[in-house]
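S.K.:
Numbering (this note's numbering), first residue to last: 34 to 247.
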């Protein structure tokens, strides 16, 4: 059972900030997506080719705050401060045809399986109870779409592509072990970060050339 990159998540203080940031960096205007009523967020999305997509996500101020902590660590004041400075890559999401089986392969706390919906889209996603991101987003979220049919074919393709994903961690071997346990280590490059912080960098091919976001 092989995992595939499903999407890259860019967190923004608000959608306009995120849209303007990507227009400047990539030279494209990302279409609006929709609302996540369960999490009090909304997004914009575009296809990154036929198999994965790019998501800009932010808290939707007009939506009711959820009963649980928001996903992607949005309720963490430190996270809010980071994305207030500029939009940031929050994490990467891997698609699996059997979420329970994939999750059972690792002892790392990737979160519980939560049923999600946006409009007529339905999926299951791993989300920690407190909304935090495993290893600061270096460990991917896992997703299984209803009927294993991701909606990428219905998204606008603006000719941007993922070239590579680099994860920087204080102990790269331990991170590699976690990713290997779920069969995801071959999808990224892992390097040592001497500072006590986790960094995810994604290089994109865009109409503006190669662009690195973190």
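Beta carbons are placed, not taken as given, at the ideal position from N, Cα and C, and that holds for glycine.
The model shown is predicted, which means the values in this text are computed figures rather than measured ones.
#1: Which of helix, strand or coil does DSSP assign to residue 221?
#2: Checking 8 Å against the spacing of the C-beta atoms, do residue 136 and residue 122 come in under that value?
#3: To which residues of the same chain is residue 184 closer than 7 Å at the C-beta, ignoring the five residues directly before and after it?
#4: Would residue 80 be called buried (16 or more neighbouring beta carbons within 10 Å of its own) or exposed?
#5: Report yes if the C-beta distance between residue 107 and residue 74 is below 8 Å; otherwise report no.
#6: So, does the segment 130-144 touch the segment 174-193, judging by three or more C-beta pairs under 8 Å?
#7: Quick one: grab the DSSP three-state call for residue 97.
#8: Do residue 220 and residue 38 have their CB atoms nearer than 8 Å?
#9: Alpha carbon to alpha carbon, how far is residue 141 from residue 207? Give it in angstroms, no decimals.
#10: To which residues does DSSP link residue 190 through a beta bridge?
#11: In chain order, what residues of the same chain lie with their CB nearer than 7 Å to the CB of residue 98, ignoring the 5 residues before and after it?
#12: Drop a sphere of 10 angstroms on the beta-carbon of residue 139, count the other beta-carbons inside from all chains shown, and report buried for 16 or more, exposed for fewer.
#13: So is residue 187 buried or exposed if we call it buried at 16+ other beta carbons inside 10 Å?
#14: Go ahead and label residue 181 buried or exposed: buried means 16 or more other beta carbons lie within 10 angstroms of its beta carbon, across all protein chains shown.
#15: With respect to the beta strand (DSSP E) encompassing residue 103, which residues constitute its N-terminal and C-terminal limits?
#16: Quick check on the burial criterion: 16 or more other C-beta atoms within 10 angstroms. Buried or exposed for residue 124?
#17: On the three-state DSSP scale, how would you describe residue 118?
#18: Starting from residue 53, trace the alpha helix (DSSP H) in both directions and tell me its first and last residue.
#19: Less than 8 Å between the beta carbons of residue 126 and residue 173, yes or no?
#20: Among all the DSSP beta bridges, which residues are the ones paired with residue 147?
#21: When you compare each of 45, 36, 225 and 234 to residue 117 by their alpha carbons, which one comes out closest?
M.R.: A quick look at the data gives this:
#1: Within the chain shown, the letter at position 188 stands for residue 221. It is coil, neither helix nor strand.
#2: Locating residue 136 in the chain shown gives position 103, counting from the first residue. Locating residue 122 in the chain shown gives position 89, counting from the first residue. Against a cut-off of 8 Å, the Cβ pair of residue 122 and residue 136 comes out as no contact.
#3: As a working mapping, residue 184 is identified with position 151 in the chain shown. Excluding sequence neighbours, residue 184 sits near 154.
#4: Taking the first residue of the chain shown as position 1, residue 80 is located at position 47. Residue 80 is buried by the Cβ-count criterion.
#5: Here residue 107 refers to the residue found at position 74 when the chain shown is read from its first residue. Here residue 74 refers to the residue found at position 41 when the chain shown is read from its first residue. Cβ distance < 8 Å, so residue 107 and residue 74 count as in contact.
#6: yes
#7: Locating residue 97 in the chain shown gives position 64, counting from the first residue. It is coil, neither helix nor strand.
#8: One-based indexing of the chain shown puts residue 220 at position 187. One-based indexing of the chain shown puts residue 38 at position 5. Their beta carbons are under 8 Å apart, which means residue 220 touches residue 38 by this criterion.
#9: By one-based count along the chain shown, residue 207 stands at place 174. By one-based count along the chain shown, residue 141 stands at place 108. Whole-angstrom Cα-Cα distance: 11 Å.
#10: Position 157 of the chain shown, counted from the first residue, corresponds to residue 190. Bridge partners of residue 190: 80.
#11: The residue labelled residue 98 in the question sits at position 65 within the chain shown. If we look at residue 98 and ignore the five residues flanking it on each side, its Cβ neighbours are 73.
#12: To locate residue 139, count along the chain shown from 1; it is residue 106. Buried: at least 16 other Cβ atoms inside 10 Å.
#13: By one-based count along the chain shown, residue 187 stands at place 154. With fewer than 16 Cβ atoms within 10 Å of its Cβ, residue 187 is classed as exposed.
#14: Translated into positions along the chain shown, residue 181 becomes position 148. The residue in question, residue 181, is exposed, as its Cβ has fewer than 16 Cβ neighbours within 10 Å.
#15: Reading the chain shown from its first residue, position 70 is the one you call residue 103. Element bounds for residue 103: n/a, residue is neither H nor E.
#16: Here residue 124 corresponds to residue number 91 of the chain shown, with the count starting at 1. So residue 124 counts as buried.
#17: To locate residue 118, count along the chain shown from 1; it is residue 85. Reduced to three states, the DSSP call for residue 118 is helix.
#18: Here residue 53 refers to the residue found at position 20 of the chain shown. Where residue 53 is concerned, the enclosing alpha helix (DSSP H) stretches over 48-59.
#19: Your numbering for residue 126 matches position 93 in the chain shown. Your numbering for residue 173 matches position 140 in the chain shown. Yes, Cβ-Cβ distance for residue 126 and residue 173 is below 8 Å.
#20: Taking the chain shown and counting its residues from 1, one reaches residue 147 at position 114. Beta-bridge pairing links residue 147 to 158.
#21: Translated into positions along the chain shown, residue 117 becomes position 84. Nearest option by C-alpha distance: 45.
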